[in-house]
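Data first, discussion second: the structure below is written as structure tokens.
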């Protein structure tokens, strides 16, 4: 069995938050399980041909919502036409044909690796004997937005416009340049626009060597991060693929047409960081970012590193950071104060504890404050094993990835050998009240997966979107009937609002009649969908219904109807 931990992104009210998930691959390569940090199996894929390397998904949205449907031949290879299903619906004109030998042939429309609701981008072109040939296009909202040519060997050649891995509808980044036999050469420029109504603006780029070694040379401007009002770039010089000399981190503010230096440092002639550095934490938001300030010696962090939070105008030291030991290979050691992933203006969470040889040990506390005007309050924490460092042990109180003023959610329970076991309760605080239990359930003592009856929270749960899912798990998968309940912001009781059934025999997929909520369901947008599933796909008539939050009647009224063919 192979275990791989991945870092992905989950969408929470138009903001992507960093989160982790686990991929478990069986020894014979026939089964791939995708498991969340909280012990739910999102999907199980089966590899029909054990001789073939299994295709691994690392996009959380695709793990949850994408299925490819088609037939297998006698040799266990994919054959004939294959189509893509997204959230139970067939994607129009997406897919293509496999030969009897299981090779892609003819015209195909495929999803980009970053495909999700915020990035509905397709790749379209011809396959010959499983190799891409000729002109391939990137399509976004039915418009060509990029692409280029593959030669007879299936290698990129000539002029290309490529999309960034984090391409989204409101953050569109492209790379424009030339390939020679699959290697980038000459000038490449980086372009950005915030939406489809703007023109692309050149924001960065530089040169690759012309010998086909794909080495960066000369002056470069590289995009690190960008948001609604800002972009952060890394600016400096390359020599034969190595960064050399002074590199600066610059923040450009669109609102004030200003650019300021927020970090950087120097590289030696071998491309290693040296001397004093201010580094940008790419887990924080570009609108209110985290920087670490300290010293490098031959590419290793040494001594004290301080932690700073940078608001729109000011820089604040968070009384954070800690020490790196050169004798330990530049690993963290001793007392540390760290910022959480997704740290931002209204999600200020820090962790306080001790490192030993680069791993956490002993007691760690979690602190939170609503804004810079408030003091940090102790709100959670627990202990790491003092023999096997880095493994959680005993009682823990953890914060949700979405924790903020409007979404104060805490999980309380026990760890054993870094695995959740037994009863875990979910608590929620609203309107600055005390924390009250709102959900929870049990974890299997053997494998740490959810088991038995559970009350889960809506992915977008917050004060104005209080929705729970009530049902049963079996070995981490939802089974049988699940009901959906909703409570208004100031309401006392939850009301039943929807639900449906899961079929364990078919891998925990939805079946039969369902009432589902829209992804943005909230007090001011009470939207549901009602219809039927067959083998995980929507079939027949589905009705869209809406309820007015201020209306006396609590009935949902039909606003639209769609018909799905199987």
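Numbering (the numbering used here), first residue to last: 547 to 1112. Beta carbons: idealized from backbone N, C-alpha and C, even for Gly.
Assumed close pair residue i, residue j - CB separation to whole angstroms, cut-off 8 Å
i: residue 723; j: residue 706; result: 7 Å
i: residue 986; j: residue 969; result: 7 Å
i: residue 1038; j: residue 1032; result: Going by Cβ atoms, the distance from residue 1038 to residue 1032 rounds to 13 Å, so no, they are not a contact pair.
i: residue 994; j: residue 965; result: 4 Å
i: residue 669; j: residue 653; result: Going by Cβ atoms, the distance from residue 669 to residue 653 rounds to 12 Å, so no, they are not a contact pair.
i: residue 945; j: residue 1013; result: Not really, about 19 Å apart at Cβ, beyond 8 Å.
i: residue 1084; j: residue 641; result: Actually they are not in contact, since the Cβ atoms of residue 1084 and residue 641 sit about 17 Å apart, beyond 8 Å.
i: residue 666; j: residue 686; result: 7 Å
i: residue 564; j: residue 852; result: Contact doesn't hold; Cβ gap of about 23 Å is too wide.
i: residue 842; j: residue 811; result: 7 Å
i: residue 907; j: residue 932; result: 5 Å
i: residue 681; j: residue 690; result: Wrong, their Cβ atoms sit about 10 Å apart, outside the cutoff.
i: residue 1060; j: residue 1077; result: 7 Å
i: residue 664; j: residue 597; result: Not really, about 37 Å apart at Cβ, beyond 8 Å.
Beta-carbon gap between residue i and residue j smaller than 7 Å
i: residue 999; j: residue 1018; result: yes
i: residue 817; j: residue 795; result: no
i: residue 870; j: residue 848; result: yes
i: residue 879; j: residue 901; result: yes
i: residue 644; j: residue 625; result: yes
i: residue 836; j: residue 828; result: no
i: residue 600; j: residue 631; result: no
i: residue 730; j: residue 760; result: yes
i: residue 678; j: residue 661; result: no
i: residue 576; j: residue 604; result: no
i: residue 930; j: residue 938; result: yes
i: residue 732; j: residue 709; result: no
i: residue 1105; j: residue 1092; result: yes
i: residue 1117; j: residue 1047; result: It is not possible to answer for residue 1117, since the shown part of the chain is limited to 547 through 1112.
i: residue 552; j: residue 567; result: yes
i: residue 1025; j: residue 1003; result: no
i: residue 1021; j: residue 1001; result: no
i: residue 776; j: residue 799; result: yes
i: residue 748; j: residue 735; result: yes
Bridge partners - residue i, DSSP secondary structure assignment
i: residue 883; result: 867, 898
i: residue 820; result: 812
i: residue 1101; result: According to DSSP, residue 1101 bridges with nothing at all.
i: residue 910; result: 928
i: residue 1030; result: 1015, 1044
i: residue 988; result: 969, 997
i: residue 645; result: Looking at the DSSP assignment, residue 645 forms no beta bridge with any residue, so it has no partner.
i: residue 633; result: Note: residue 633 sits in no beta bridge, so no partner.
i: residue 764; result: 784
i: residue 836; result: 855
i: residue 982; result: 974
i: residue 639; result: Answer is none; residue 639 lacks a bridge partner.
i: residue 1035; result: Looking at the DSSP assignment, residue 1035 forms no beta bridge with any residue, so it has no partner.
i: residue 752; result: 734
i: residue 794; result: 781, 810
Selection from the options that minimises the alpha carbon distance to residue i
i: residue 941; options: 910, 935, 924; result: 910
i: residue 844; options: 837, 856, 823, 853; result: 823
i: residue 893; options: 1075, 866, 1055, 954; result: 954
i: residue 797; options: 769, 653, 811; result: 769
i: residue 922; options: 885, 1054, 674; result: 885
i: residue 876; options: 889, 840, 890, 887; result: 840
i: residue 792; options: 786, 799, 780; result: 780
i: residue 701; options: 676, 715, 689, 1086; result: 676
i: residue 591; options: 778, 560, 612; result: 612
i: residue 856; options: 821, 742, 807; result: 807
i: residue 868; options: 904, 890, 889; result: 904
i: residue 1094; options: 1072, 1086, 1112, 1088; result: 1072
i: residue 784; options: 751, 924, 977, 971; result: 751
i: residue 989; options: 975, 1015, 977, 1023; result: 1023
i: residue 957; options: 554, 1046, 992, 584; result: 584
i: residue 1035; options: 703, 1112, 1096; result: 1096
i: residue 974; options: 992, 991, 950, 960; result: 950
i: residue 820; options: 787, 1103, 805, 846; result: 846
i: residue 580; options: 721, 573, 550, 636; result: 550
i: residue 972; options: 984, 961, 628; result: 984
i: residue 758; options: 899, 764, 726; result: 726
i: residue 766; options: 1101, 787, 1090; result: 787
i: residue 771; options: 753, 789, 740; result: 740
Item to complete: Give, in chain order, every unbroken run of the beta strand (DSSP E) that is at least 3 residues long and sits entirely within the stretch 691–750.
Response: 702–709, 718–726, 729–739
Worksheet item: Hey, which unbroken runs of the beta strand (DSSP E) at 3 residues or more fall wholly within the stretch 916–978?
Response: 923–930, 938–945, 954–962, 965–975
Discussion item. Give the list of continuous beta strand (DSSP E) stretches no shorter than 3 residues that lie fully inside the stretch 1062–1092.
Written reply: 1072–1080
Fill in: Contiguous beta strand (DSSP E) assignments of at least 3 residues, all confined to the stretch 547–628
548–558, 561–571, 577–582, 587–592, 612–618
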